[in-house]
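Protein chains in written order, with this note's numbering: chain A, -18 to 871; chain B, -18 to 871. C-beta atoms are modelled at their ideal positions from N, C-alpha and C, and glycine is treated no differently. To keep things clear, I will list the structure first and then write my remarks on it.
Protein chains: 2
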Amino acid sequence: MTKWVYGFGGGTADGSASMKNLLGGKGANLAEMCSLGLPVPSGFTLSTEVCTNYLDNQKSWPDGLQNQLAKALQVLEQQSGKSFGDAANPLLVSVRSGGRASMPGMMDTVLNLGLNLETVEGLAKLSGDRRFAFDSYRRFIQMYSDVVLGMDHDLFEEILDEHKDVQGFATEADTELAADDWEQITKLYLALVEDELGHEFPDDPVDQLWGAIGAVFDSWMNDRAKVYRDLHDIPQSWGTAVNVQAMVFGNMGETSATGVAFTRNPSTGENLYYGEFLINAQGEDVVAGIRTPQALTERAKEEIGDTEPSMEAAMPKVFAELTEVFKQLETHYMDMQDIEFTVERDQLWVLQTRSGKRTAKAALKIAVDMVAEGLINESEAILRVEPSSLDQLLHPMLADGHNCPIICTGLPASPGAATGKVVFSSEEAVIMASRGEDVILVRIETSPDDIHGMHAAKGIVTARGGMTSHAAVVARGMGRPCVAGAGELRIDYSKGSFMVAGQTVHKNDVITIDGAKGHIFSGTATMVQPELTGDFGVLMSWADKVRRMKVRTNAETPADVKTACDFGAEGIGLCRTEHMFFEESRIAAVREMILAKDKAGRIAALDRILPMQRDDFVEIFQIMRERPCTIRLLDPPLHEFLPHSERDVTQVSQATGIAISELMSRAEGLAEANPMLGHRGCRLGISYPEIYQMQARAIFEAQGKVKQQTGIMADVEIMIPLAATARELEILQDKIRQISEQVTGHQGFAPEYQYGAMIELPRAALCAAELSEFASFFSFGTNDLTQTALGLSRDDATSFLGDYICQGVFEKDPFVSLDQSGVGQLLEIATKRSRLARPDIKLGVCGEHGGDPASIHFFEGLGLDYISCSPFRVPIAKLAAAQAVLLREK
Amino acid sequence: MTKWVYGFGGGTADGSASMKNLLGGKGANLAEMCSLGLPVPSGFTLSTEVCTNYLDNQKSWPDGLQNQLAKALQVLEQQSGKSFGDAANPLLVSVRSGGRASMPGMMDTVLNLGLNLETVEGLAKLSGDRRFAFDSYRRFIQMYSDVVLGMDHDLFEEILDEHKDVQGFATEADTELAADDWEQITKLYLALVEDELGHEFPDDPVDQLWGAIGAVFDSWMNDRAKVYRDLHDIPQSWGTAVNVQAMVFGNMGETSATGVAFTRNPSTGENLYYGEFLINAQGEDVVAGIRTPQALTERAKEEIGDTEPSMEAAMPKVFAELTEVFKQLETHYMDMQDIEFTVERDQLWVLQTRSGKRTAKAALKIAVDMVAEGLINESEAILRVEPSSLDQLLHPMLADGHNCPIICTGLPASPGAATGKVVFSSEEAVIMASRGEDVILVRIETSPDDIHGMHAAKGIVTARGGMTSHAAVVARGMGRPCVAGAGELRIDYSKGSFMVAGQTVHKNDVITIDGAKGHIFSGTATMVQPELTGDFGVLMSWADKVRRMKVRTNAETPADVKTACDFGAEGIGLCRTEHMFFEESRIAAVREMILAKDKAGRIAALDRILPMQRDDFVEIFQIMRERPCTIRLLDPPLHEFLPHSERDVTQVSQATGIAISELMSRAEGLAEANPMLGHRGCRLGISYPEIYQMQARAIFEAQGKVKQQTGIMADVEIMIPLAATARELEILQDKIRQISEQVTGHQGFAPEYQYGAMIELPRAALCAAELSEFASFFSFGTNDLTQTALGLSRDDATSFLGDYICQGVFEKDPFVSLDQSGVGQLLEIATKRSRLARPDIKLGVCGEHGGDPASIHFFEGLGLDYISCSPFRVPIAKLAAAQAVLLREK
């Protein structure tokens, strides 16, 4: 019989930290902490297998679960000394989700479960606080009705507001309500449920429990959880675990508290405790950002200029216990921990620990520091930094001495700088971003419903909530700059503006934010490129030591080539020569070439393009020096170069002397039903060899020129696009060899080059052995290979790709992360066959996937020689490539 | 050392008939005939490897060739008792091409080689005929200058005409010229060559020989040879052999002759000698169709009403020898032979034998007759008929009693009937055919330059030439009806008309020809479908006995389904349901469905389509009875159904009440960059499940209705198009199962169906094991699989595919004959993997390739269960499938 339920408590546990996949992160760590002897409320975990089983079988429970749960409940009752439904000593539990990966705030939770009209009296007696008991009860009813019974949260708020109104309380003043108030409200709540649903609110704690467990599992499939998974590449098939745990109460008066802490600063990585707590509150109050919490340490309190006492000062004994827990956990896990704790009448309880989310900057610093501290080794450090997160560090930051006036300062919730137009709703953010506009999303506070808007925005500002508020956590995860809790802002959604320090900022006004400092500026501030030194440089140097694959870049403009080299690119993996054709000054000659009626006309136009193309290569070779440069000859269908707008057509007609009508008909003649599969790539080279020959000549002459100027012979690789057969490569090899011989004759020494092919068609991959006879290198063009292998046009797929990911046809967008089980097979076949036929063949990847960490792991598995990606992704690719080596060794 | 040269003569030979690939058909058969003791002039063959080696190495001769050739020449001199350049007893040779496959008239030949000013005198003495010697010499100079030296043929004709003029001869009267005339002309020819080329005509016979051999090899790459190869699927890589053979002369007076014979009638297949000969002529005179030759037998002479004596009558002794040769060769080769012979002063020489080209009708009759005669067995008979040639028999013939007036009668050169507009040039034929018009090409005679025009025409008429003239041979090969030698026609190219029996027929007038009877009619005659019985039925029944793969058809209209069943289709392999949507009466509802704003609107429109679609299936199931029907659900992108012309848009706007502007913008919204790779196939089914559900309902309800009417449960296979992943099949399987359950509920019994997928994407082929979990059958859609695997849009490839085939990138059009080495691999992988995962999976092919014999052989090799093709190709596919079994057993 499958084990579905794993208990923990009383210093032992069925599970351990290594069982994350089965128990979820929270469940695994609760078990681990129990085994470590930490003060953890007892409980049990329903495994992720229960979830997948439940969802796969029309929401029916697997065999044996009910028995196992009943037994686990018995053990829990023993360990806690309390019983479900016992009016004298009632057991109350929390029911929380906990998946393999953290999805903060995305899924549902039920607290205080076990309360009913009898047990609430027991709780009142035991706690000696009738007000607390009924407040807990009404919170439970409200939460359970929302999460499990699907009732509208607002209905309960209305009852509460009406009660306050009738009794003459202010709307905000929950704390003024007495036990009797809460008791009355509780009864109104229960009546409301019966009214709305036609049946009573469930009374039996066991019924309550099953309802809550089902609801938490169901919440795995709610919309915001799906969106979060899409954004964070979490497979739907993982499912979530559910943790049922004895309640402890941080809201039992002034000796009770609840808090969240990081063992180091998750924003900067500094080795300083970092966190927030609230006296007399339940944990959700801190995370939800409704009350602004107090600092953990005296030092932090002073730094942010808080007036409330720190926990260090207010609860010195418990704080000392807590710091012991911090040390023990960080040493045990060898990583910075994110800890939730509750103090119930001076007794510390640890409710959760997990590796803390952190900014890229913090991840770098913590990893490098921990190596210095001897906690982890260099390899561990390399694995600690999520490659994609480096993106945050590779984009511009605010320049010192920029002149934008500061508007106000909030909490530095997520680092990085951003400029954009102010918007006040996630919908607006999405719409304007889709038009290509940069926006800053300004909200009083954010909720899980804002995920889309936060993703669309360049930066986020909130008026309420702390460093661990929803906005702050999510923004850091996304790498979006965020200023949180900017309390001075008075936001008026209806007017579409906010006031601050007597100044009004309207929707569409431009502001700049600095998430590292918490500053908000009006206007557009100058940005600078960050220095890629310090912790970044150290970690990258460690990564370079273990990395096997070379990392090149896809670039063709001197500026991009330069940037990529600064980021450590070891060569150019894809220089798209057609991009050089679009420049204002040359497009006329290019169009003349295309519109030429015969070969002579084409050659005349090509002769005009030659010197420009040669100069391009001279510039590139000068930057690249000895580093290899893969130059792809002309690839796109010719009609892409033709004028389309009326204005352009007129201009071209004037420039070339070709009648407008002829231009139009020629463009029509070149139009194709499926240009992706049409007359492009090496097919152009075969039809019009003079085009490729001009390009080869430009390359060879540039190489010769740079050789004469600098003594360095550029390491040139000429790449043929869209080859499907060996014969195409053979034909074009000859054509290019002819030019090489001519150039040798003119310049007195022979060009040096390798000749190879871009593998972007399934046939080419399958016939790689044959093609390799004519190619000393292959570069996988995984974009087009994905399009052809899947029969999926990238341009047209947007209309249904979302649906496809939702319904689990694809786990991720196959244009972002390689479809390893499909397209990956083609790479595998091509790699094996070409190496067998030509053992010294050089193999690389130059599609977008070359910058995607998951795909890079796959490429490492294939043993490719290099990957190539856009300049800004070079460090990401380098780190991911190093991690791939380490993970394969594990 | 490679053996390059193979001798034959004196009753022995280095080669044999089995060495066709190496020696070419002609060389192999010359060797074989020598070994059989037949009277063959001695000679030797340069192998096809010499050709490929020569062409691959910039036209340089392979090592060892020169020595081997020198030795072979020595042997030839010994065997013939003559010597190269020997003024007393000169050896003269012919140099002819001879490839693996016959390419009549496509390549170059040099005769009488070895003549110079000295040896011509020797020939004169030996032959006792000075006129003959100098006529031979001038023919040689003219031919050699044309073929080897690249001079214009007309320059020589001018000299000849001028001489005739000066001497007062009529232009036609070559026979009136005396020895002196020819001697003078010879000298003028030699002077002309020196004048034009700046060097003397080569004098040394060995030099002449090398020149001629090179020229013949070069002619393998001439344009007309390439076109012929393309049309006949002959790979360029085969190369040609060259045969050097001692000359014999059919033009040594009245006891000499030359002829061409078939051992049976190549047009009807009757077991009667058939052929033509000319007294006092060289062989080329017969084939070239310049003189109209005489019949071989008395019976044939009478049948065609010839006035000249037959060979049987004119040369009874030699004719008797010849018939002995016929019997010996046919018995030896067990096939009808096409024989070239020459009689030199009453001595019979056999110059060539090969399996005779024949019409499909003749092939059938000969194969069936030879089984009856005990010459071959049924399997051999099956292999004797070229499947594609059956096409000739499967198309309409002239109906008895049609009323068109006969214009005249020529020779029945190639059977079949055709109607079309008269054109007088191949260019016109190509142009008008490309506009979709049927044309009949009318020429005085045809030459290899007319290949394109003959292919474009529906039928061919010539005024000159016999049954073995160029026009007749080529037309039979192509399966085009042809009336040859219609001597009454007086064609005036300049006026664009011909006169016959006082009647003038102009260009663009419609005529009808009956190639089986040699009749030409004016106007359009009624045609009938031929009976598929007799020899055809016998052969097909033999083929059915050995055939392993089932043959289905691609059809969806009741008429097509019926035709296919008449042709013996064993099921429907592809019923394209979208074709049913285009009918005038339903397109409005289809458009409404597509233009619906929401699901409700879509469902309302689908409800209107349902009964029509159901009726379609009822009709098909009634015809097909127990035979399986694979029904493919909607496949093309929706915008294909939208109106495009202004008139259509207006109509739809009126019918649906949707504004024109909205219609236009909706159509624009549905337009795609690459519709082939867009929102189509099962992607539509996933996005709009209600469409596929309507189709499933129509199928199930039709099945139920037919079951109730006839008691027969249609064998339904529902096929999902364009699947790339297992998940797509899983999702749609559920949707269809829902409908099956609903229909079960309504009709009281469950629909029976298999569920499967069309494999047309590389990913699907690679992941066939996974997909097979949800599919009990796969049908390879090789059209789209070719498009995606090669990244080649069928619609757009026409602009460069010709180039690609010319340059040897593809051997054949990959949309006509499967790219076995590329796309074929995907089929192989999918077949292996899906069978491993699901041993009982049914596998078939429903692309165009299902009717292509070469592809069918490949499918047999894979062990597929069935192939499916268009109705008219069903018999072809059945025969090819039987041949594939037999060839694999060999």
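- The alpha helix (DSSP H) runs lying completely inside the stretch 680 to 736 of chain A and spanning 4 residues or more are 707 to 728, given in chain order.
- Residue B/K346 holds the alpha-carbon nearest to the alpha-carbon of B/M521 among B/G499, B/T631 and B/K346.
- Against A/L771, the close residues of chain B are A705, L742 and R744, in the order they occur along the chain (beta-carbon pairs closer than 7 Å).
- If the five residues before and after B/L356 are omitted, its C-beta is found closer than 6 Å to the C-beta atoms of M315, all from its own chain and listed in chain order.
- The continuous alpha helix (DSSP H) containing A/Y785 extends over residues R775 to C787.
- Below 8 Å, too few C-beta pairs join the stretch 679 to 693 of chain B and the stretch 634 to 651 of chain B to call them touching: fewer than three.
- As for any beta strand (DSSP E) of minimum length 3 sitting wholly inside the stretch -6 to 64 of chain B, the runs are 24 to 27, ordered along the chain.
- Our two residues, A/G582 and A/M574, have alpha carbons roughly 7 Å apart in a direct line.
- For B/W330, no alpha helix (DSSP H) segment is defined; the enclosing uninterrupted segment is the beta strand (DSSP E) at Q328 to S336.
- For the stretch 162 to 184 of chain B, no residue has a beta-carbon sitting nearer than 8 Å to a beta-carbon of chain A.
- Taken atom to atom, the span from the alpha-carbon of A/L555 to that of A/A570 is near 24 Å.
- Contact annotation: the stretch 376 to 394 of chain A touches the stretch 453 to 472 of chain A, with at least three C-beta pairs closer than 8 Å.
- Counting C-beta atoms within 10 angstroms of its own C-beta, A/G483 has fewer than 16 neighbours from the protein chains shown and is therefore classed as exposed.
- Against chain B, the CB of A/A362 has no partner CB under 7 Å away; the residue lies outside that interface.
- About 6 Å separates the CB atoms of A/L710 and A/L752; that is less than 8 Å, so the two are in contact.
- In terms of beta-carbon proximity, A/G803 lines the interface with chain B, with at least one pair separated by less than 7 Å.
- DSSP places A/A242 in the strand class (E or B) of the three-state scheme.
- Within the same chain, and ignoring the five residues on either side of B/K543 in sequence, the residues whose Cβ sits closer than 8 Å to its Cβ are I604.
- Between B/V532 and B/V855, the C-beta gap is smaller than 7 Å, which places the two residues in contact.
- Secondary structure at B/V797: coil, using DSSP grouped into helix, strand and coil.
- For A/R708, the residues of chain B that pass the 9 Å Cβ criterion are Y785, Q788, G789, V790 and F791, in the order they occur in the chain.
- Annotated as distal: B/I699 and B/Y669, with beta-carbon spacing of 7 Å or more.
- Look at the stretch 660 to 677 of chain B: the residues with a C-beta under 7 Å from a C-beta of chain A are H660, R664, I667 and S668.
- Nearest to B/G286 by C-alpha distance, out of B/I472, B/Q275 and B/D579, is B/Q275.
- Contact of A/M657 with chain B by beta-carbon distance below 9 Å involves A654, N655, M657, L658, G772 and S774.
- Going by DSSP, B/S503 is part of no alpha helix (DSSP H) but of the beta strand (DSSP E) stretching over H500 to S503.
- Counted as a single uninterrupted DSSP element, the stretch harbouring A/Q318 is not any alpha helix (DSSP H) but the beta strand (DSSP E) occupying residues Q318 to E325.
- C-alpha of B/D833 to C-alpha of B/I848: approximately 10 Å in a straight line.
- At a C-beta separation below 7 Å, A/Q768 has these neighbours in chain B: L658.
- Judged by DSSP in its simplified three-state form, B/Q226 adopts strand.
- Per DSSP, the continuous alpha helix (DSSP H) segment holding B/R628 begins and ends at E627 to T637.
- When only Cα atoms are considered, A/Y125 and A/A193 end up about 7 Å apart.
- Identification of chain A residues near B/D777 by a Cβ-Cβ cut-off of 8 Å yields E653, A654, N655, P656, L658, G659 and H660, ordered along the chain.
- At a Cβ-Cβ threshold of 7 Å, A/R557 and A/E537 count as neighbours.
- Among the bridge pairs identified by DSSP, B/T273 is matched with none.
- Sixteen is the threshold: when 16 or more other Cβ atoms of the shown chains lie within 10 Å of the Cβ of A/Q768, as they do, the residue is buried.
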